[in-house]
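For reference, the structure discussed in these notes is given below.
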Amino acid sequence: MLAIIVGPIVAILIIGLILYLRAQGAKKGTSPASGKRSKLLIHSINDDRCTGCDACVLVCPTDVLELRNNKSRVVRFNDCIQCEQCAHVCPTNALVMHYEGTEPPPVLVPDLDEYYQSKTVPGLYLVGEAAGKPLVKNAVNLGRAAVEHALRNGLRPGALRAGSPMGVTSVDVVIVGSGPAGLSAAMACLQRGLSYVVLEKDSFVASTIARYPKGKKVMAEPYDVRCVGLLPVWDATKDDTIREWNRILEQVDLDIRLRQVVEDIKYEGGVFTVKTDKATYRGQKVLLCIGTRGKPRRLGVPGEDKPHVQPLLDDPDLYRGKTILVVGGGDSAVEAAVALSDPSLRNRVVLSYRGRQFNRVKARNRQELDAAVEQQRVLLLLGSKVVEFKDRATVLLLGDGRQKTIPTDHAFVLIGGDPPIKWLESIGIRYVQVPHSFTRGPTDQLVERLIGRQPDNNRPGQPIPIQIHYEEEESATIMADQSAAMEAVRQAFMQQALSGFKKKKERAGLTIMVPKEKFLLHLPEKMHVEAGAAKVGTMRR
Ligand SMILES: Cc1cc2nc3c(=O)[nH]c(=O)nc-3n(C[C@H](O)[C@H](O)[C@H](O)COP(=O)(O)OP(=O)(O)OC[C@H]3O[C@@H](n4cnc5c(N)ncnc54)[C@H](O)[C@@H]3O)c2cc1C
Ligand code: SF4
Ligand code: SF4
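So the sequence shown is numbered by the numbering used here: it starts at 25 and just counts up by one.
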């Protein structure tokens, strides 16, 4: 009897002891079997590339990492179980792991000149995080720098206007992506009177930032770099940042085409042809401001372009009382289905996945999905495929071969994305290996090398510099609060409407009246706009 009770206890104690010794061995880098010290994987973090996105901190099962001053830091290395998940989730390669005593592995970066222009495809710029230079302020600075550099390197405003094939929109600059890099580039085009278009795959602008976790701050890093782009960047919540940017965008009325996924870019005879899933554009220069999240995969079925079918889920709280189809079998699809099926939202959620079982879903997501299915918050259709999206319905082919049409207010196709590197290589951009410690220089200096000293655009609603150029040697800068500056611009347009486009030499300077859509405005040599004033006055040098 005693043996029956004591036996299992002793066995459990022995197993526990072995596991304990193994864990200690792993922690100290010593193999219990050999007694020899085995090599440990250690972390290297490149602060220039760390955005403070928190992904590595959240994924770590043993709380080894923490954010300190918005940078990832290893604070409890003894608890590290060497799973390398932190390195896998890092979107910018800021964090890598390597054996102690060895160099960190090199990273792949696009082969660009100092102004972020591809060395293999001249005229094609990679701007912001896509270039391996993350952070919002850098993106804003680089968007402006790329436009200014393009202007000085062969861009001839309006050169493609004639001879545009039917149904193809021709512009000076095609901007792909409406994050801070793309928006800033568009503002710079507007300011310089260049024709442009911004193509954005999402249904709203600045979607990377808009999707930060609730309440997350946009830290205006790097603090030793000034914001010299035309969008302000300061320490603020993501909501305040997006609100302020939207206010500015409304004022200047940027040409942004939402829900257009750029799928192909070709360069022939000095002209780029950019194909989206909906239209074709031609441009003299292309600015790829696409971040690092990749190009969403498509199902390739009829109706996938309908507005209610989306490749990303924004805020689940925006969907209430709806019938929603989620397609996919990875973590994003499962997380989306679970979030959308929250009882407080009162949605009816269907999750369709072509596989017969989930193979690559995290255990916790799987448990939450199982609970949602059991509580009939999610209808799970394994082995099913979308045949067609109709206006308020979806035709599915079920696992048993039957076709079923289900009502659908919204559909989210979350079947992953192709990494931008693969895609960028396919359009001619070369990638090169650099040491993990590789950094590119300060982005404010890059802009100022091209256009001189600029004010720091580091507060909302503060004066924005509207620098106006007509010919290289003629320029003026208006400093005003944004509404006054815009008002000044409007006034000038009105004058132009009265007087027609003309160039007028005056004693005070050169006044050039130009078409509104060009936003190209040349005022007397130096203008002064009082904050809040609706009148443009002349300030003598
Ligand atoms: C959780 C989180 C927290 C962060 N915190 C900070 C912070 O505090 N401070 C900071 O400075 N930075 C922070 N960052 C980093 C910062 O958000 C990025 O570095 C910055 O947004 C990069 O700007 P971007 O314009 O280069 O790219 P993005 O902002 O990523 O914008 C790219 C845009 O391109 C679009 N796009 C992509 N592919 C295509 C295509 N094929 N066709 C059409 N459109 C396309 C995307 O939909 C997107 O709107 C954080 C990032 C994350 C994820
Ligand atoms: S290797 Fe694993 S345990 Fe170690 S810090 Fe990274 S995620 Fe955490
Ligand atoms: S995942 Fe990478 S970028 Fe994000 S906080 Fe960690 S190290 Fe920094």
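All C-beta atoms, glycine included, are put in the ideal place defined by N, C-alpha and C.
- Going by the beta-carbon positions, is the gap between Ser365 and Val402 smaller than 9 Å? Taking the sequence shown and counting its residues from 1, the one referred to as residue 365 is at position 341. Taking the sequence shown and counting its residues from 1, the one referred to as residue 402 is at position 378. Ser365 places its beta carbon less than 9 Å from that of Val402.
- Query: Buried or exposed: which applies to Leu132, given that a residue is buried once 16 or more other Cβ atoms fall within 10 Å of its Cβ?
  - Reply: Stepping through the sequence shown from its first residue, residue 132 is reached at position 108. Burial call: exposed.
- Query: According to DSSP, is Ser227 helix, strand or coil?
  - Reply: As a first step, residue 227 must be located in the sequence shown, where it is residue number 203. In the structure shown, Ser227 sits in coil (DSSP, three-state: anything other than H, G, I, E or B).
- Query: Hey, Val229 and Leu273 are a contact pair by Cβ (cut 8 Å); roughly how many whole angstroms apart?
  - Reply: For the purposes of this step, residue 229 is taken as the residue at position 205 of the sequence shown. For the purposes of this step, residue 273 is taken as the residue at position 249 of the sequence shown. About 7 Å separates the Cβ atoms of Val229 and Leu273, confirming a contact at the 8 Å cut-off.
- Do Met121 and ligand 2 come close, with the Cβ less than 8 Å from some heavy atom? Walking along the sequence shown from the start, residue 121 turns up at place 97. Yes, Cβ of Met121 sits closer than 8 Å to a heavy atom of ligand 2.
- What distance in whole Å lies between the Cβ atoms of Asn389 and Glu359, which are believed to be in contact at a cut-off of 8 Å? The residue given as residue 359 occupies position 335 in the sequence shown. The residue given as residue 389 occupies position 365 in the sequence shown. With 8 Å as the limit, Glu359 and Asn389 qualify as a contact, their Cβ atoms being about 6 Å apart.
- Message: Quick check on the DSSP output: what are the complete beta strand (DSSP E) runs of length 3 or more inside the stretch 383 to 452, in order along the chain?
- Response: Scanning the stretch 383 to 452 for uninterrupted beta strand (DSSP E) segments of 3 residues or longer gives 402 to 406, 409 to 413, 417 to 421, 427 to 431, 434 to 437, listed from N- to C-terminal end.
- Query: Tell me the DSSP bridge mates of Pro134?
  - Reply: Position 110 of the sequence shown, counted from the first residue, corresponds to residue 134. Under DSSP, the beta-bridge partners assigned to Pro134 are Tyr455.
- Message: Relative to the C-alpha of Lys346, which candidate in Asp329, Gly324, Arg372, Glu328 has its C-alpha closest?
- Response: Here the question's residue 346 lines up with position 322 in the sequence shown. Selected option, being the one with the closest Cα: Arg372.
- Message: For the alpha helix (DSSP H) containing Ser356, name the first residue and the last one.
- Response: Here residue 356 corresponds to residue number 332 of the sequence shown, with the count starting at 1. Taken as a continuous stretch (DSSP letters only), the alpha helix (DSSP H) holding Ser356 covers 355 to 364.
- Query: Under a three-way DSSP split, which group does Ser461 fall into?
  - Reply: For the purposes of this step, residue 461 is identified with residue 437 of the sequence shown, where counting begins at 1. Here Ser461 carries a coil assignment [DSSP, helix/strand/coil].
- Message: Rounding to the nearest angstrom, what Cα-Cα distance links Pro367 and Arg344 in this structure?
- Response: Counted from its first residue, the sequence shown places residue 367 at position 343. Counted from its first residue, the sequence shown places residue 344 at position 320. Between Pro367 and Arg344, the C-alpha separation is close to 10 Å.
- Count the other CB atoms, across all protein chains shown, that sit within 10 Å of the CB of Glu268; report buried if there are 16 or more and exposed otherwise. The residue labelled residue 268 in the question sits at position 244 within the sequence shown. Classification of Glu268: buried, given that the 10 Å Cβ count is 16 or more.
- Residues near Leu522 by beta carbon distance below 8 Å, same chain, minus five either side: Here residue 522 is taken as the residue at index 498 of the sequence shown, counted from 1. Since pLDDT at Leu522 reaches only 34, below the 50 mark, its modelled position is unreliable, and no value is offered.
- Task: Assign Lys446 to buried or exposed, taking buried as 16 or more other Cβ atoms, counted over all protein chains shown, within 10 Å of its Cβ.
- Result: Against the sequence shown, residue 446 aligns to sequence position 422. By the beta-carbon neighbour count (other beta carbons within 10 angstroms, threshold 16), Lys446 is exposed.
- Query: Taking DSSP as the reference, what is the three-state secondary structure of Glu496?
  - Reply: Mapped onto the sequence shown, residue 496 falls at position 472. Bear in mind that the predicted position of Glu496 carries a pLDDT of just 35, short of 50, making it unreliable; the figure below should be weighed with that in mind. Looking at Glu496 - three-state DSSP - the assignment turns out to be coil, as it is neither helix nor strand.
- When the distance is taken between beta carbons, is Leu136 closer than 9 Å to Pro204? Position 180 of the sequence shown, counted from the first residue, corresponds to residue 204. Position 112 of the sequence shown, counted from the first residue, corresponds to residue 136. Their beta carbons are not under 9 Å apart, which means Pro204 does not touch Leu136 by this criterion.
- Query: Between the C-alpha atoms of Cys104 and Val88, what's the straight-line distance to the nearest angstrom?
  - Reply: What you label residue 104 is simply residue 80 of the sequence shown in a count that begins at 1. What you label residue 88 is simply residue 64 of the sequence shown in a count that begins at 1. Separation of Cys104 and Val88 (C-alpha to C-alpha, rounded to the nearest whole angstrom) is 6 Å.
- Beta carbon of Arg380, beta carbon of Gly423: below 9 Å? Mapped onto the sequence shown, residue 380 falls at position 356. Mapped onto the sequence shown, residue 423 falls at position 399. Result yes, Cβ atoms of Arg380 and Gly423 sit closer than 9 Å.
- Quick one, are the C-beta atoms of Ile314 and Pro444 less than 9 Å apart? Your numbering for residue 314 matches position 290 in the sequence shown. Your numbering for residue 444 matches position 420 in the sequence shown. Cβ atoms of Ile314 and Pro444: closer than 9 Å.
- Return the chain-ordered list of same chain residues with a C-beta closer than 8 Å to the C-beta of Leu278, the five sequence neighbours on each side being excluded. Here the question's residue 278 lines up with position 254 in the sequence shown. Cβ within range, chain order: Leu207, Ala210, Met211, Leu214, Val222.
- Query: Excluding five sequence neighbours on each side, which residues of the same chain lie with their C-beta closer than 6 Å to the C-beta of Leu369?
  - Reply: The sequence position of residue 369 within the sequence shown is 345, counting from 1. Arg344, listed in sequence order.
- Can the beta-carbon of Ser142 be found less than 9 Å from the beta-carbon of Ile453? Position 118 of the sequence shown, counted from the start, is the residue given in the question as residue 142. Position 429 of the sequence shown, counted from the start, is the residue given in the question as residue 453. It is a contact, given that the beta carbons lie within the stated cut-off.
- Query: Taking one C-beta from the stretch 298 to 313 and one from the stretch 429 to 437 each time, how about it: are there three or more such pairs within less than 8 Å?
  - Reply: Taking a contact to require three or more Cβ pairs closer than 8 Å, the stretch 298 to 313 and the stretch 429 to 437 do not qualify as touching.
- For Asn177, count neighbouring Cβ atoms within 10 angstroms of its own Cβ and tell me buried if that reaches 16, exposed if not. Taking the sequence shown and counting its residues from 1, the one referred to as residue 177 is at position 153. Exposed, by the Cβ-count rule.
- Message: I'd like the span of the beta strand (DSSP E) that includes Thr265, first residue to last.
- Response: Taking the sequence shown and counting its residues from 1, one reaches residue 265 at position 241. Careful: Thr265 lies outside any beta strand (DSSP E), inside the alpha helix (DSSP H) at 262 to 276.
- Query: Do three or more CB pairs link the stretch 182 to 196 to the stretch 259 to 268 at distances below 8 Å?
  - Reply: In the pairwise beta carbon analysis, the stretch 182 to 196 is classified as not touching the stretch 259 to 268: fewer than three pairs are separated by under 8 Å.
- Message: Taking 8 Å as the cut-off, is the beta-carbon of Leu159 closer than that to any non-hydrogen atom of ligand 1?
- Response: Numbered from its first residue, the sequence shown carries residue 159 at position 135. Leu159: yes, Cβ under 8 Å from ligand 1.
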